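Chains as they are written, first to last, in my numbering: chain A, 3 to 300; chain B, -17 to 263.
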């Protein structure tokens, strides 16, 4: 009898501890999501109350909004180009660093440093100058007698400057890869060496499969993050030129907080959520083919 | 252990070149803040005629407010968010890691799910909600969500702390229970002291991410007197027709200084922290 009481007591206490999170979850996540879903079917300017318009917002987004098309294209391009490049750089450098080298901590700190500062307005301002017409990149090019150009002001290269900035921040993924590499038991490499596998074969047949769960983790994390890129596009390119870098979060911000089209912005937000969910689901679906879990015992 | 084909010297050389390339823009930036305007378009790292003018003029470049105000604001905002996050996230994490209650696993999987939820989906209704509370143009839209173990990184911190608490031997709890400690006493006397390293990691990330939460600051903070450094920099860029790059660089550099200093004092520990929590899940 007493035991039962204690058990009951404990279960209630557990809820007391997670109460702050529960309250926040319902008040600041669930309720806003329900509201956002409702607003997406309304015309809502904050000044007047929301007016039900059915599917009009969605219809307009998909059939009569050139900015949406540009934005979706820029965002997808950014994600598809920056994420693989970033992960490839992270993996490559992690492998180089995964040795008993002197000064490992120094290298790791230096390579991580851009990830630390990269999201700031400060670095965006730096980038704005570095890729500007009189910027560092053109100065360096002129040393090799290469004609520079206005990288940020040209539609074909503007997105590239943002991708370079994103890839420059490969350090955080690298750190996670590095920790994963350290967990691969040495016996695997010894066995590969005994079998006479070269460096390339060892990489493709030992390192890559054993690291695949971590590749998946990084891939999902970076993909979701990249879809939401805002600060850099807002400061460096302002979405231009001709909306070639009009990232999704930027468009959403404009619609909601510059034009106060809260209903339209909510519809855009839900479309973004669905896109991210579909892409993440696709990644997980394909992961069955390429992620190797040790417990499966291949 | 790996194929001994490459000597450490080659690795060092490769890495040093890589570090140099990666740090070049940053090193150039460090030099540029001491350069007079006519030297700024040079790729050289070292200023020919060093000057402090960029700092003295940049500091007061925005009418009526010095950058001291903006630094004060950002520090106040980030510090209060850190304090409430530490309290809320450690309590919640303790609940998940040590207590038994119905639906615990369900709720914990929801925590992990919110980790992936883009905040764009909730930002519009949150704005409307906070507006109805008259919280726009205050720091409450940042402090209150963090006090409820949410906000920027909230679910990540809960997850990180749960992983850490799971690593603390349960025997310690049992022994304290024998001595008649209740669950809160165990949390306060046993878990929290042992959790300090993880709490430091949480503090630093919480501080840095809130320092850089430009999207949030833009939406919720409106009067210049309450601006954060990031907003002030953006205002500085917009207020001048021809950007005074030297001053902009100087103020920008100052704005990343707090985070950079924090990072270099704690980097070993911090980078280790990211790595393990990224994995142990």
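Glycine residues also receive a C-beta, built at the ideal position from the N, C-alpha and C atoms. A quick note: this is a predicted structure, and the numbers were derived from the prediction, not measured.
Short of 8 Å in beta carbon distance, which residues of its chain neighbour residue i, apart from the five on each side in sequence? Order them along the chain.
| i | result |
| --- | --- |
| residue 57 of chain B | 240 |
| residue 131 of chain A | 137 and 138 |
| residue 261 of chain B | Any reading at residue 261 of chain B needs caution, since the residue's pLDDT is 45, under 50, leaving its predicted position unreliable; the model's value is listed next. Within the same chain, residue 261 of chain B has no close Cβ partners at all. |
| residue 183 of chain A | 96, 97, 100, 209 and 213 |
| residue 220 of chain A | 89, 92, 175, 178 and 179 |
| residue 195 of chain A | 204 |
| residue 186 of chain A | 208, 209, 212 and 213 |
| residue 63 of chain A | 70, 266, 269, 270 and 273 |
Leaving out five residues before and five after residue i in sequence, what residues of the same chain have Cβ atoms less than 6 Å from its Cβ?
| i | result |
| --- | --- |
| residue 83 of chain A | 165 |
| residue 129 of chain B | 66 and 70 |
| residue 10 of chain A | Reliability fails at residue 10 of chain A, whose pLDDT of 45 lies under 50, so the model's placement of it is uncertain and no value is given. |
| residue 87 of chain A | 169 |
| residue 150 of chain B | 176 |
| residue 264 of chain B | This structure leaves residue 264 of chain B out entirely; chain B is present only between -17 and 263. |
Bridge partners of residue i, per DSSP?
| i | result |
| --- | --- |
| residue 53 of chain A | A/45 |
Starting from the Cα of residue i, find the closest Cα among the options and give me that residue.
| i | options | result |
| --- | --- | --- |
| residue 285 of chain A | A/237, A/253 and A/223 | A/223 |
| residue 291 of chain A | A/214, A/277, A/25 and A/38 | A/214 |
| residue 135 of chain B | B/11, B/22, B/183 and B/178 | B/183 |
| residue 52 of chain B | B/153, B/25, B/203 and B/155 | B/203 |
| residue 152 of chain A | A/105, A/242 and A/69 | A/242 |
| residue 30 of chain A | B/106, B/159 and B/243 | B/106 |
| residue 226 of chain A | A/279, A/62, A/199 and A/236 | A/279 |
| residue 119 of chain A | B/82, B/139, B/187 and B/214 | B/187 |
| residue 272 of chain B | A/129, A/14 and A/244 | Not covered by the structure: residue 272 of chain B. The range shown for chain B is -17 to 263. |
| residue 288 of chain A | A/218, A/202 and A/52 | A/218 |
| residue 324 of chain A | A/150, A/143, A/293 and A/116 | With chain A covering 3 to 300 only, the question about residue 324 of chain A has no answer from this structure. |
| residue 20 of chain A | B/196, B/-9 and B/141 | B/141 |
| residue 85 of chain A | A/47, A/229, A/150 and A/48 | A/229 |
| residue 212 of chain B | B/199, B/222 and B/221 | B/199 |
| residue 103 of chain A | B/145, B/227 and B/-9 | B/-9 |
| residue 37 of chain B | B/26, B/157, B/24 and B/19 | B/19 |
| residue 80 of chain A | A/24, A/167, A/69 and A/26 | A/167 |
| residue 248 of chain B | B/116, B/35, B/180 and B/79 | B/180 |
| residue 41 of chain B | B/-7, B/218, B/87 and B/194 | B/218 |
| residue 143 of chain B | B/68, B/8, B/1 and B/195 | B/68 |
| residue 63 of chain B | B/178, B/-3, B/121 and B/216 | B/121 |
| residue 227 of chain B | B/-6, B/8, B/17 and B/9 | B/17 |
| residue 94 of chain B | B/-11, B/145, B/108 and B/61 | B/145 |
Could you tell me whether the Cβ atoms of residue i and residue j are closer together than 7 Å?
| i | j | result |
| --- | --- | --- |
| residue 259 of chain A | residue 201 of chain B | yes |
| residue 274 of chain A | residue 250 of chain A | yes |
| residue 76 of chain B | residue 169 of chain B | yes |
| residue 238 of chain B | residue 122 of chain A | yes |
| residue 127 of chain B | residue 112 of chain B | no |
| residue 283 of chain A | residue 172 of chain A | no |
| residue 238 of chain A | residue 124 of chain A | no |
| residue 83 of chain B | residue 16 of chain A | yes |
| residue 13 of chain B | residue 3 of chain B | no |
| residue 210 of chain B | residue 55 of chain B | yes |
| residue 295 of chain A | residue 59 of chain A | no |
| residue 22 of chain A | residue 74 of chain B | yes |
| residue 155 of chain A | residue 140 of chain A | no |
| residue 158 of chain B | residue 173 of chain B | no |
| residue 39 of chain B | residue 30 of chain B | no |
| residue 55 of chain A | residue 65 of chain A | no |
| residue 197 of chain B | residue 70 of chain A | no |
| residue 25 of chain B | residue 143 of chain A | no |
| residue 61 of chain B | residue 193 of chain B | no |
| residue 264 of chain A | residue 114 of chain A | no |
| residue 224 of chain B | residue 15 of chain B | no |
| residue 131 of chain B | residue 26 of chain A | yes |
Within a Cβ cutoff of 7 Å, which residues of the same chain sit near residue i, ignoring the five residues on either side of it in sequence?
| i | result |
| --- | --- |
| residue 246 of chain A | 76, 157, 160 and 161 |
| residue 47 of chain B | 206 and 207 |
| residue 236 of chain A | 252 |
| residue 138 of chain B | 97 |
| residue 214 of chain B | 44, 49 and 52 |
| residue 302 of chain A | Because chain A spans 3 through 300 in this model, residue 302 of chain A falls outside it and cannot be assessed. |
| residue 300 of chain A | Residue confidence for residue 300 of chain A is low, a pLDDT of 39 falling below 50, so the modelled location carries little weight and cannot support an answer. |
| residue 135 of chain A | 152 |
| residue 195 of chain B | 134 |
| residue 185 of chain B | 64 and 68 |
Worksheet item: Whole alpha helix (DSSP H) runs in the region 191 to 256 of chain A with 4 or more residues, listed along the chain?
Response: You should have 201 to 204, 210 to 229 and 250 to 255.
Worksheet item: Unbroken alpha helix (DSSP H) runs of length 4 or more, entirely within the region 136 to 198 of chain A: which are they?
Response: Taking 4 residues as the minimum length, the alpha helix (DSSP H) runs contained wholly in the region 136 to 198 of chain A are 138 to 145, 157 to 170, 173 to 184 and 188 to 196, in order along the chain.
Practice prompt. Ignoring anything shorter than 3 residues or poking outside the region 80 to 134 of chain A, list the beta strand (DSSP E) runs there in chain order.
Written response: Runs found: none.
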